[in-house]
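Line order of the protein sequences matches chains A and B.
Positions 1 to 109 (UniProt numbering) are the ones given, in order, by the first sequence.
Positions 1 to 109 (UniProt numbering) are the ones given, in order, by the second sequence.
Backbone N, C-alpha and C fix where the C-beta goes; we use that ideal spot for every residue, glycine too.
Please read all numbers here as calculations on a predicted model, not as lab measurements.
In what follows, a single structure is set out as structure tokens and then discussed.
2 protein chains.
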Amino acid sequence: MGTTKSYFFSNEINHLSNLFRALGHPARIAIVQHLIDQKTCICNDLVEELGLAQATISQHLKALKDAGIIKGNIEGKSICYCIDENNWAHMEAHFHAFIGQKVQANSCC
Amino acid sequence: MGTTKSYFFSNEINHLSNLFRALGHPARIAIVQHLIDQKTCICNDLVEELGLAQATISQHLKALKDAGIIKGNIEGKSICYCIDENNWAHMEAHFHAFIGQKVQANSCC
DNA sequence: ATTATTCATCGTAATATTGCGATATATAAA
DNA sequence: TTTATATATCGCAATATTACGATGAATAAT
Chain A
1 MGTTKSYFFS NEINHLSNLF RALGHPARIA IVQHLIDQKT CICNDLVEEL GLAQATISQH
61 LKALKDAGII KGNIEGKSIC YCIDENNWAH MEAHFHAFIG QKVQANSCC
Chain B
1 MGTTKSYFFS NEINHLSNLF RALGHPARIA IVQHLIDQKT CICNDLVEEL GLAQATISQH
61 LKALKDAGII KGNIEGKSIC YCIDENNWAH MEAHFHAFIG QKVQANSCC
């Protein structure tokens, strides 16, 4: 009990919900927005920027990396993160295929 | 400890992450997709359709309703759910404003 | 070689989510 | 009125998430 029954659902649906879930936390949205805004790579000014502990930021970065939304590159003693522009395009397409669907007006009220 | 520090973030960011989170579960994606496909309203054939317990489905419906994604209407002894087409449009715009942002290619690797 | 910096990971506490059976409520049907 | 049907909610157990301090690993600076 307590565990999501992913095996009840298609890969398609599980993948989509994983992407949504990865963005389902304000810190992770803020991180992604920061990476988009700063174009150039960002390491952990995020810690100062967001006001969360370093361990917490690192955890959120991992979640975004696992979802394929960002990627990181070692750069000296720090690590340079940026949007994974390849997956970003896929994600955009994936989201749009779902959210862009036509919805009937007032179909129940 | 353990609670999301929403007050660290803007309303904009919190709202967006709430929307994403509402769709961050396969059952809820499946429910929304079902509501889109069936155009006409759906009550709890979802229980048979998804194979989850009635209480669980009801809980997921509540999460989607709280997020403004669906709405329900009493219809005899059952309740008729459908996409809230007004908020759906807002949501689409909101998502697109975020996901549709231009991302620099290979900005860190 | 030692020290400082940057980041990941571990361990742990607090809280949230997921799922279900049981029960409550409300309407329809008999 | 009694019974059946549909749904919401309560209470609980299992698991996941969020957050943080402490520690480890790797590189840069001294």
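Here residue 108/B is near residue 82/A, since their CB atoms are less than 7 Å apart. For residue 81/A, DSSP records a beta bridge to 42/A and 72/A. For residue 20/B, the enclosing alpha helix (DSSP H) starts and ends at 11–22. Look at the beta carbons and you see the region 6–25 of chain B touching the region 9–28 of chain A: at least three pairs across the two are nearer than 8 Å.
With contacts defined as CB atoms closer than 7 Å, residue 104/B and residue 39/A qualify as a contacting pair. Using a CB distance cut-off of 7 Å, residue 43/B does not count as an interface residue toward chain A. Burial is judged here by how many other beta carbons sit within 10 angstroms of a residue's own beta carbon; residue 91/B has at least 16 and is buried. Judged by DSSP secondary structure, residue 27/A falls within the alpha helix (DSSP H) whose first and last residues are 26–37. Secondary structure at residue 54/A: helix, using DSSP grouped into helix, strand and coil. In this structure, residue 61/B sits away from residue 30/B, with a CB-CB distance that is not shorter than 7 Å.
Residue-level contact by beta carbon fails for residue 53/A and chain B, as no gap is shorter than 7 Å.
Chain A places a beta carbon closer than 7 Å to that of residue 105/B, counting this residue as a contact. For residue 5/B, the secondary structure class from DSSP, reduced to helix, strand or coil, is coil. If you draw a straight line from the Cα of residue 73/B to the Cα of residue 95/B, it is about 27 Å long. Not flagged as an interface residue toward chain B: residue 49/A, since no C-beta distance is shorter than 7 Å. Take the alpha-carbon of residue 15/B and the one of residue 41/A: they are about 26 Å apart. At a cut-off of 7 Å, the C-beta of residue 68/A has no neighbouring C-beta in chain B. Closer than 7 Å to the CB of residue 94/B there is not a single CB belonging to chain A.
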